[in-house]
Every structure is written in C-alpha cells, then in structure tokens.
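Chemist:
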Amino acid sequence: MDSSIKMWAEKVNFFYGSTQALKSVSINIFKNQVTALIGPSGCGKSTFIRLFNRMNELVVNTRLTGRIYIDGENINSSCIDAVDIRRRVGMVFQKPNPFPKSIFDNIAYGLRVNGIKNKDFIEERVAQTLKKAALWDEVKCGLKESALGLSGGQQQRLCIARCLAVETEVILFDEPCASLDPISTGKIEELILELKKDYTIVIVTHNMQQAARVSDFTGFFLLGELIEFGKTNEIFTAPKDKRTEAYITGRFG
Amino acid sequence: MKKDIAQNIGFFLLFTCIITTLFFLGIIIYFIFTLGIQVISWNFLTQSPRNAMTEGGVAPVIVGTLYLTLGAMVFAVPLGLACAIYLCEYSPKSIVVNIIRISINNLAGVPSVVFGLFGLAVFVNFLNFGVSILSGSLTLGILALPLIISASQEALVAVPHSIREASLSLGASKWETIKRIVLPTALPGILTGVILSIGRVAGETAPILFTAAAFYKRGYPKSIFSEVMALPYHIYALMTEGTHPDKQKAIAYGCSLILLFLVLFISGIAIYLRQRQRSYHG
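So the protein sequences, as listed, match chains A and B. Just so you know, our numbering puts 102 at position 102 of the first sequence, and the rest follows in order with no gaps. The number in our numbering is simply the position in the second sequence, starting from 1, with 1000 added.
In structure tokens, the structure reads:
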C-alpha cells in the first residue's frame, strides 16, 4: 500500500432503489492533497463523497457494493462504527448549516458529543479552530451570539471550523461555495489551500475554475461513472477522454 | 384602476372579518369581566366556600383546577413528546405507522364527554383509583395527548434536515442529534402545543365530571386520591343547583373570570418562554 494514499474506493456501485447512481467507481485520494470532483448535476459526485463518511446510510432503500478504504481499513466492515468514521471524515455541505446555537456552541458541539467535558480545553480548542478557519478576528468579540446572525460566507467558515474541532483527518466539501458570493468564495478557497497542509481534502464543485485553482487532482464524473482521473493540470490541459475535454471546455454539461 | 378597486374591496372584507372576530372576543371578555369583578376580592381568592357555596371564597376550587391541570401535564407532556419523537424520528415508514398517526389525529376529535366515560370505566372503576385527582388528571391527560403529539410532530418535522446531517457528520449518534439539536430547535413549537393543551385541559368539564370533580368538598385536597372541586365544574354546579341562584350566579361569573385569567397567565408564561427561545435562534 502506498502511504501517500489516504482513502480509496474499489469498484463501487451504488443504488437508490433500482436506479444505479454509481457504476464501478475506483479512485485513489491522496494524503494532504486536494482532490476535486467535477461533472454535470446528477452525475453522482455528491453521492460518491458521501460514501466516505457513510452518510448515504441515512437514506432509506439504498444499496452499496464494492469497497471503500481509509488508511487501509474497510470502512463498511461490520466492526466499524459509522459514528467513528464521521468523526474522522468531516463534511462541509452545499448550504451553510450552522446549528441554531451560539458561535461558541456550534464549535463546542462536536467536542461535547465526543465526550470532552473539560471547559478550558473546549475554550482553547474553539479559539484555535476559529483561527484556523480564518474566522477568529471577525467573531472573537461575539462568541455568544447566534451563529445564524453571521453572513453566508462566515457561516460556511464556521461549518469548516466545526469540522476541524473534532480533529478530523479528511474534509469532504460538497459544493461549499454554491451559495456564496465571489469574495466569500475566494476566502473559502484560500482556506482550503491552507488546510491541505494538515488535512486530506475532497471537493465537489460545478465551478471549473475553482477546481483548477484549488485542486491537485481532478476526477470527472458522467452519469455515475468516473470517466477520467488524474493530476489537475493534466486534466485541464491535456484530457485523454473526449467527454472530459468537451465538459471542461464548456461544450456540454 | 379596476384592479385597485378589487384589491380595496378584498382588503375591506378581510378587515371586516377581523373586526367581527375581535368584536365577539371583546364582548365575551367585557361581560365576564364586568360581571365577575364584582365578587373578586382578596377573601374570594383565599377563602373556602361557606353557607352552601353562597358566600366565602373559591380558593380550594382554584387549587383543584391547578392540581388537575398540572397532573394532566405531568402525564401527557413526557408521553406525548416520546410518542412524537418515535413517530417522527424512529418509526419506519409503514402502513401501520400511518394508521397510528391517523388514529392519533382522530383522537383529537373525540368528544370530551366520551373521554370522561372512558376515565370512569378505566381509572375510577377498573384501576380502582376512585373519583380522585389521579383519575381526573389521567383522563385530562389522555384528552391532551393528541394535541401535544400532533403539535410536537409538526415541530419536529420542521427541523431542517441539513442541521441533522451536520450533527451526524460530526460524529454524533442519532440519539445525541435528537437530544441536543432536534429537540432544542423544535422546542418553541412543542411549547405551543403544550400551551394550547393547558388552555383546553383547564377549562374542560366533561372529562372530570365522573372522574375527579366534587360538588362540594370541605378544605383542600389531601392526596392524589382525594376528590376535588374544580373551576369549570364549580361554575356548572353553581348555575344548575343550590338554593340561592342570584348569589351563586355572581360567584359563577367570578369563577369564570378567574378561569379566564388562569389560562391567560399559564399561556403567558409559555409564550414568554417561547419568545426567549426564538430570539436566541435569531
């Protein structure tokens, strides 16, 4: 096993009822790298990343075949707890979804559900993660304020901080900038580049420039299949598959 | 131009409807207040009835209603909330669960006197609790259950899926998510259900008729197995029985006013709590 690979999927098929959403997808996700998944809406990218933190289990009437590994461990084996996987693999969703609680409690929540009670430790960790998520300077005077009072971009950075607090190893971004303006988007992208030093990042995006800007590797999905996967600069400058080329040059999608 | 006229007529009609509704509400409050206030005094609120309920106060009656309402809530709120959580969060989507849901909604439409007879048969006779606060509270509790369940269900369903997912994605279990995220978010809606059911329960006469209420009882209830006097039944008794209809009528209006204020007061507390919760949620 190559130690630079953090997670990989092996011939993954996924079904919603009788509809097949993913067709034999195999991919390597490299450690401390940003992997972007691109492709038209409904091609299975979001479904795919949600396999890495076992979120699809929450949807009824679904079926998975194939294997998914994190650090060489089959995450769907019966001795592994989904709760444990979700702590290790954080997720930032398409729409910012802070809890209707204070900024402080939003971050402390993950610590508390993971059994941490020490107040000093929680306080320190909240400050530390807010700094890491480049939000500290904007909220340090109002940690007790409701998180719902923040702007969309700030809320999204709060959601990122929330992931970081539980000492996640991987962060899955599911179109994190879909509802944000260009300035907020820029801040999130900067943050992603900063975070890759410590975390392995997978990002689903519809924005081709964004994929080109932030990612090291890119995978192109079409109708549930992974058409092409490779280094981002190769995918964008010399795609091997005609369909990839057509998509990134905007000829369909 | 034509549109403007249609719009103005529409607004006018809506406005008239509001005024009519408020008019009736105002009249009710006005009459109860002017007729009731005459007998209200410190003694009326703190003393026991005297001389075949034509003099003295109604303190034990107020206390009886408070006990019955409180007892009903102690029973119905945890049970109703638990049912709502199970139905919304845990139950599989099946025909059986749908039938349960529909049954609960239908339960809300059952006439209250039927609950009274049920309470008599089950709590008073079968379980042998006798005519008591316990039997009355349980009967009122059952009456309140469907209200609390459906209001709680609505409140739980309204909690966005996105924040549940966020909680689970941080390594919280389903139960932790429900306890720490879903319930606090749904609390204002749940409280609304509880407010409404308190109002309903405090004013109900038929369910306590055979299960808890006494025509006259000396002193305050001693245990949950005591019979009690309660405001709605007391009003009924004063208006229909006894030897001094005029004196009794005045006291009955006094009781109505107290009942009205009691319900407003309890609702007020709940509304205050809800408001505080809301402002925090932003």
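All C-beta atoms, glycine included, are put in the ideal place defined by N, C-alpha and C.
#1: Tell me where the beta strand (DSSP E) around R63(A) begins and ends.
#2: Is it buried or exposed, A274(A), if we count other Cβ atoms within 10 angstroms and call 16 or more buried?
#3: Taking only three categories from DSSP, how would you classify L150(A)?
#4: Can you pull the chain B neighbours of K110(A), defined as C-beta to C-beta under 7 Å?
#5: Which residues in the same chain have their Cβ closer than 6 Å to the Cβ of G253(A), if we skip the five residues on either side of it in sequence?
#6: Residues in its own chain within less than 8 Å of G1282(B) by CB, not counting five upstream and five downstream?
#7: Suppose you measure from the CA of P182(A) to the CA of L222(A); what does that come to, to the nearest Å?
#8: Among the residues of its own chain, which have a CB less than 7 Å from the CB of S1135(B), if the five just before and after it don't count?
#9: Does DSSP put R213(A) in a helix, in a strand, or in coil?
#10: Which chain B residues sit within Cβ distance under 8 Å of R251(A)?
#11: If I follow the unbroken beta strand (DSSP E) through G230(A), where does it start and stop?
#12: G17(A) to A1158(B), Cα distance in whole Å?
#13: Would you mind giving the Cβ-Cβ distance between Y1067(B) and P1221(B), rounded to the nearest angstrom? I have them listed as a contact below 8 Å.
#14: Among all the DSSP beta bridges, which residues are the ones paired with G219(A)?
#15: Which residues in chain B sit within 8 Å of G90(A), going by Cβ to Cβ distance?
#16: Verify whether the separation of the beta carbon atoms of T1065(B) and L1273(B) is less than 7 Å.
#17: Exposed or buried, H1234(B), counting other C-beta atoms within 10 Å across all chains shown (16 or more means buried)?
#18: Let me check understanding here. Comparing Cα to Cα, which of A1206(B), G1010(B) and K1002(B) lies closest to S1112(B)?
#19: Which bits of chain A does I1185(B) rub up against, with CB to CB less than 7 Å?
#20: Which stretch, first to last residue, makes up the beta strand (DSSP E) that contains G90(A)?
#21: Which partner residues of S102(A) appear in the DSSP bridge assignment?
#22: May I ask you to report which of helix, strand or coil DSSP gives T168(A)?
#23: Relative to the alpha-carbon of C1088(B), which residue among E1204(B), F1024(B), A1186(B) and S1132(B) has its alpha-carbon at the smallest distance?
#24: State yes or no: is the C-beta of T205(A) nearer than 6 Å to some heavy atom of the ligand ZN?
#25: Any Cβ of chain A within less than 7 Å of the Cβ of A1166(B)?
#26: Taking contact to mean at least 3 C-beta pairs separated by less than 8 Å, is the stretch 110 to 125 of chain A in contact with the stretch 1168 to 1181 of chain B?
#27: Rank L1117(B), A1082(B) and V1131(B) by C-alpha distance to the C-alpha of Q1153(B) and give the top, closest one.
#28: Under the three-state reduction of DSSP, which class applies to K1093(B): helix, strand or coil?
#29: Please state if the CB of A1076(B) and the CB of I1133(B) are separated by a distance shorter than 7 Å.
#30: F121(A) lies in the beta strand (DSSP E); which residues open and close that run?
#31: Excluding sequence positions up to five away, which residues of its chain have a Cβ less than 6 Å from the Cβ of L1014(B)?
#32: Among E189(A), C79(A), A165(A) and I80(A), which residue has its Cα nearest to the Cα of P176(A)?
#33: Whose C-alpha, out of V1131(B), I1104(B), F1031(B) and N1106(B), is nearest the C-alpha of L1117(B)?
#34: Distance, Cα to Cα, D105(A) vs E1165(B)?
#35: Put E1241(B) into one of helix, strand or coil per three-state DSSP.
Modeler: The structure says:
#1: Taking the first residue of the first sequence as position 1, residue 63(A) is located at position 63. R63(A) -> beta strand (DSSP E) spans T62 to I70.
#2: Past the edges of chain A, shown from 1 to 253, lies residue 274(A), and the structure says nothing about it.
#3: Locating residue 150(A) in the first sequence gives position 150, where the first residue counts as 1. If DSSP states are grouped into helix, strand and coil, L150(A) belongs with coil.
#4: In the first sequence, counting from the first residue as 1, residue 110(A) sits at position 110. Inspection of the sequence shows that residue 110(A) is occupied by Gly rather than by Lys. Here the neighbours are L1170 and G1171.
#5: Counted from its first residue, the first sequence places residue 253(A) at position 253. Residue placement at G253(A) is poorly supported in this model, since its pLDDT is 49, which falls under 50; the coordinates are not used for a value here.
#6: For the purposes of this step, residue 1282(B) is taken as the residue at position 282 of the second sequence. Model confidence at G1282(B) stands at a pLDDT of 41, short of 50, so the residue's coordinates are unreliable; what they give is reported in the following sentence. Non-local beta-carbon contacts of G1282(B) in its own chain, meaning distances under 8 Å to residues more than five positions away in sequence, are absent.
#7: What you label residue 182(A) is simply residue 182 of the first sequence in a count that begins at 1. What you label residue 222(A) is simply residue 222 of the first sequence in a count that begins at 1. So the alpha carbons of these two residues sit roughly 27 Å apart.
#8: Counting from one through the second sequence, the residue named residue 1135(B) turns up at place 135. Around S1135(B): G1119, F1123, V1124, F1129, T1211 and A1212.
#9: Taking the first residue of the first sequence as position 1, residue 213(A) is located at position 213. Helix.
#10: The count along the first sequence starts at 1 and reaches residue 251(A) at position 251. Those do not exist, as R251(A) stays about 34 Å from chain B at its closest Cβ, beyond 8 Å.
#11: In the first sequence, the residue the question calls residue 230(A) occupies position 230. Here the beta strand (DSSP E) through G230(A) covers E225 to K231.
#12: The residue you call residue 17(A) lines up with position 17 of the first sequence. The residue you call residue 1158(B) lines up with position 158 of the second sequence. If you draw a straight line from the Cα of G17(A) to the Cα of A1158(B), it comes to about 26 Å.
#13: Along the second sequence, read from residue 1 onward, the residue named residue 1067(B) stands at position 67. Along the second sequence, read from residue 1 onward, the residue named residue 1221(B) stands at position 221. About 6 Å separates the two Cβ atoms, so the contact holds.
#14: Within the first sequence, numbered from 1, the residue matching residue 219(A) stands at position 219. In DSSP, G219(A) forms a bridge with L37(A) and F229(A).
#15: Here the question's residue 90(A) lines up with position 90 in the first sequence. What G90(A) touches in chain B: S1169 and L1170.
#16: Taking the first residue of the second sequence as 1, we reach residue 1065(B) at position 65. Taking the first residue of the second sequence as 1, we reach residue 1273(B) at position 273. Not in contact: T1065(B) and L1273(B) (Cβ atoms no closer than 7 Å).
#17: As a first step, residue 1234(B) must be located in the second sequence, where it is residue number 234. Looking at its Cβ environment, which holds 16 or more other Cβ atoms inside 10 Å, H1234(B) is buried.
#18: On the second sequence, residue 1112(B) is found 112 positions in, with the first residue counted as 1. The candidate whose alpha carbon is nearest that of S1112(B) is A1206(B).
#19: On the second sequence, position 185 is the one that residue 1185(B) refers to. Note that residue 1185(B) corresponds to Thr in the displayed sequence, not to Ile. Per Cβ cutoff of 7 Å: P100.
#20: By one-based count along the first sequence, residue 90(A) stands at place 90. Its beta strand (DSSP E) spans residues V89 to V92.
#21: Taking the first sequence and counting its residues from 1, the one referred to as residue 102(A) is at position 102. S146(A), per the DSSP bridge assignment.
#22: As a position in the first sequence, residue 168(A) is number 168, starting the count at 1. In this structure, T168(A) counts as coil in the three-state DSSP scheme.
#23: Locating residue 1088(B) in the second sequence gives position 88, where the first residue counts as 1. Closest by C-alpha distance to C1088(B), out of E1204(B), F1024(B), A1186(B) and S1132(B), is A1186(B).
#24: This structure does not include the ligand ZN; it has no bound ligands of any sort.
#25: Taking the second sequence and counting its residues from 1, the one referred to as residue 1166(B) is at position 166. Answer yes: the Cβ-Cβ gap between A1166(B) and chain A drops below 7 Å somewhere.
#26: These segments touch.
#27: Position 153 of the second sequence, counted from the start, is the residue given in the question as residue 1153(B). The shortest Cα separation from Q1153(B) among L1117(B), A1082(B) and V1131(B) belongs to A1082(B).
#28: Position 93 of the second sequence holds residue 1093(B). K1093(B) falls in the coil class under three-state DSSP.
#29: For this step, residue 1133(B) is matched to residue 133 along the second sequence. For this step, residue 1076(B) is matched to residue 76 along the second sequence. Against a cut-off of 7 Å, the Cβ pair of A1076(B) and I1133(B) comes out as no contact.
#30: Here residue 121(A) is taken as the residue at index 121 of the first sequence, counted from 1. Premise fails: F121(A) lies in the alpha helix (DSSP H), K119 to K132, not in any beta strand (DSSP E).
#31: Here residue 1014(B) refers to the residue found at position 14 of the second sequence. No residues qualify anywhere along the chain.
#32: Translated into positions along the first sequence, residue 176(A) becomes position 176. Ranking the options by Cα distance to P176(A), first place goes to E189(A).
#33: Sequence index remark: in the second sequence, residue 1117(B) carries index 117 (1-based). Among V1131(B), I1104(B), F1031(B) and N1106(B), the Cα nearest to that of L1117(B) belongs to V1131(B).
#34: The residue you call residue 105(A) lines up with position 105 of the first sequence. The residue you call residue 1165(B) lines up with position 165 of the second sequence. C-alpha separation (whole angstroms): 17 Å.
#35: The residue you call residue 1241(B) lines up with position 241 of the second sequence. Reduced to three states, the DSSP call for E1241(B) is coil.
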